[in-house]
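Residue numbers (the working numbering): 356 to 834.
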Amino acid sequence: MLNKFIIQKNKSIKDAMIKIEKNGLGTLFVLNNKKLIGVVTDGDIRRVIISGKKIDEKIDKVMNKNFIKIKDNFSRNKILEIISKYGHKVRIYPILNKSGNLIDISTKERLTIIPVYSPYLQGNEARYLSECISTNWISSRGGYVNKFENHFSLLHNGRKSLAISSGTAGLHLAIKSLGIKESDEVIIPNFTFAAVINSILYERAKPVIVDVDKKKWTIDINEIKKNITKKTKAIIAVHLYGNPCDLDNLKKICKKNKIFLIEDCAEAIGSKYKNKLVGTFGDCAIFSFFANKTISTGEGGMIVFKEKKYFNRAKMLRDHGMQDTKKYYHNEVGFNYRMTNLQAAIGVAQLEKFNEIIKKKIDVFQNYHNYLKKDLSIKFQKNEKFSINTYWAVGLIINSKKFFYKKVERFFRNKGIEVRNFFYPLNSQKIYRKFSTKQKYNTDQFVVKGITLPTFPSIKKDEISFIAKTLLNYLKKIR
Ligand SMILES: Cc1ncc(COP(=O)(O)O)c(C=O)c1O
């Protein structure tokens with residue numbers, strides 16, 4: 356990726372002009388091998404040409420040797436100090452290691468604001484994408500879709516995988532391909548993203564909203580038992596924020612009542628229950644690769660099945676309901692829920708770093724936990740001992756009378772930190788309320804008392820420490 360923004364010192368002004376024209380940033384970093392020795396901007400080149408220099412002169416004769424740099428071990432305060440001094444004139448900052456080698460570039464925005472999420476794209480993503488473009492395979496045909504599906508299946512115990520356009524498309528395909536239809540009931544947790552309930556409503560089936568466990572924030576088994584009827588056809592178990600649901604009991608209930616188990620792993624890729632990856636327990640499981648997800652393709656998703664017959668049906672429905680062997684002949688009203696080769700190319704590169712990304716996300720949680728565990732007003736999501744949560748988001752509930760998410764969001768924004776509120780529980784939203792099963796839910800205070808912190812693989816330790824200190828100081832202030 357850096358290649359577009361660098362030039363070796365023995366190249367000419369003309370070479371630099373060509374590169375600058377293409378990279379769109381108006382800046383080039385001049386290297387002696389890997390070491391950064393100068394910077395040129397489009398303005399610098401214009402000025403040297405006006406002054407009469409020839410375009411075949413070497414770039415190191417005209418570059419700026421006095422440039423602003425950021426070392427990768429600089430503290431956050433030091434970086435903010437540099438930016439407040441030079442931010443008005445520097446578009447893009449070089450990041451150097453201790454030997455002075457250029458290892459990254461960054462914008463003023465990224466250096467001053469810690470985002471709530473940032474995808475981890477430092478591998479083969481750009482290379483595979485550019486291969487799709489140079490070979491003209493940009494739609495849903497092309498080798499990367501198969502590669503992505505095959506790699507995903509291998510990871511998930513051989514389950515048949517279909518790459519799709521989003522996690523929501525996956526939920527809808529799950530409902531439709533498992534044969535759930537009008538007036539069938541599907542049990543879902545109250546605390547989740549709305550795509551879960553919407554996918555049921557698309558088919559005019561009936562969502563049954565049950566409560567979640569107070570500490571784990573995932574669907575409560577006893578509440579499921581209370582709400583099973585003859586019409587219940589499926590349970591959607593959402594592994595919320597990465598925390599695996601009680602899968603042994605869910606499987607038992609589903610078997611006993613002959614209903615489907617759909618796992619929503621949108622936020623939980625890589626999480627494990629009793630040493631097995633989530634997504635390999637239910638009749639079907641869906642994943643999301645939206646840009647803020649642990650593995651990302653921009654937009655996109657995957658659906659995996661236990662049984663081949665449902666997989667085949669979902670495959671046909673994904674592709675307009677068209678017959679596999681008879682082109683343009685349709686068996687059913689289907690959808691275009693395909694993933695493009697471009698998205699799959701990113702996905703393949705992301706899966707190459709699967710273990711690395713998962714490890715980084717777990718480390719992010721551990722770091723936050725070490726800083727915050729001593730404050731007894733902070734409640735973390737509780738995991739079972741035999742589960743591994745991969746922490747799509749580090750969510751906290753703050754047990755303090757004076758803590759109100761809205762106020763703290765403003766406080767964090769002023770410090771350059773992006774945070775998020777919890778999902779609005781479904782029963783608290785007017786359009787879904789009629790599907791509630793009780794008056795008071797364990798989630799009633801979640802939006803007021805909950806906060807999710809920046810949780811992305813490349814967040815730095817000193818950024819985590821800054822965020823944690825900011826929260827602890829805030830809590831001290833309101834006590
Ligand atoms: C639990 C859950 N299910 C489903 C989805 C939908 O995924 P997508 O955004 O890829 O449609 C999301 C997205 O955030 C989610 O959090």
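C-beta: ideal position from N, C-alpha, C; glycine also.
Mind checking whether the beta-carbon of Gly625 lies closer than 7 Å to any heavy atom of ligand 1?
no
Smallest Cα separation from His724: which of Phe735, Lys714 and Lys716?
Phe735
Sub-8 Å separation of Gly655 and Gly689 beta-carbons
no
CB contact below 8 Å: Arg465 versus chain C:
Absent here is chain C; the protein component of the structure consists of one chain.
Does the beta-carbon of Leu526, which I'm using as the reference point, lie nearer than 7 Å to any heavy atom of ligand 3?
As presented, the structure is devoid of ligand 3, carrying ligand 1 as its sole ligands.
Which residues in the same chain have their Cβ closer than 8 Å to the Cβ of Gly442, if we skip the five residues on either side of it in sequence?
Lys463 and Thr467
Ligand 1 heavy atoms versus the CB of Ala592: any closer than 7 Å?
no
Is it the case that the Cβ atoms of Gly625 and Leu616 are separated by a distance below 8 Å?
no
Using DSSP's beta-bridge definition, name the partner residues of Gly515.
It is worth fixing the name first, because residue 515 is Lys in this sequence and not Gly. DSSP lists Phe660 as partners of Lys515.
Helix, strand or coil for Arg402 per DSSP?
helix
Among all the DSSP beta bridges, which residues are the ones paired with Ser791?
Ile564
Can you give me the C-alpha to C-alpha distance between Phe790 and Lys569, rounded to a whole angstrom?
20 Å
Give, in chain order, every unbroken run of the alpha helix (DSSP H) that is at least 4 residues long and sits entirely within the region 418–453.
431–441
Under DSSP, the beta strand (DSSP E) around Ala640 begins and ends at which residues?
Cys639 to Ser643
Cβ-heavy atom distance between Ser643 and ligand 1 below 7 Å?
yes
Looking only at its own chain, which residues have a Cβ that is under 8 Å from the Cβ of Ile833, when we skip the five neighbours before and after it?
Ser755, Lys757 and Phe758
Heavy atom of ligand 1 less than 7 Å from the Cβ of Ser521, yes or no?
yes
Check this for me: beta carbons of Pro562 and Val593, under 8 Å apart or not?
no
Taking Asp619 as the reference, which of Pro544, Ala560 and His685 has the closest Cα?
Pro544
Ligand 1 heavy atom lying under 7 Å from the CB of Thr798:
no
Asp459, DSSP secondary structure in three states:
strand
Taking three-plus beta-carbon pairs below 8 Å as touching, is the region 633–641 in contact with the region 675–690?
no
Going by DSSP, name the residue or residues bridged to Ile753.
Ile733
Nearest-angstrom Cα distance between Ile712 and Gln705?
9 Å
Coarse secondary structure for Tyr628, derived from DSSP in three states
strand
Return the Cβ separation of Gly597 and Thr745 in integer angstroms, given the expectation that the two are a contact with Cβ distance under 8 Å.
5 Å
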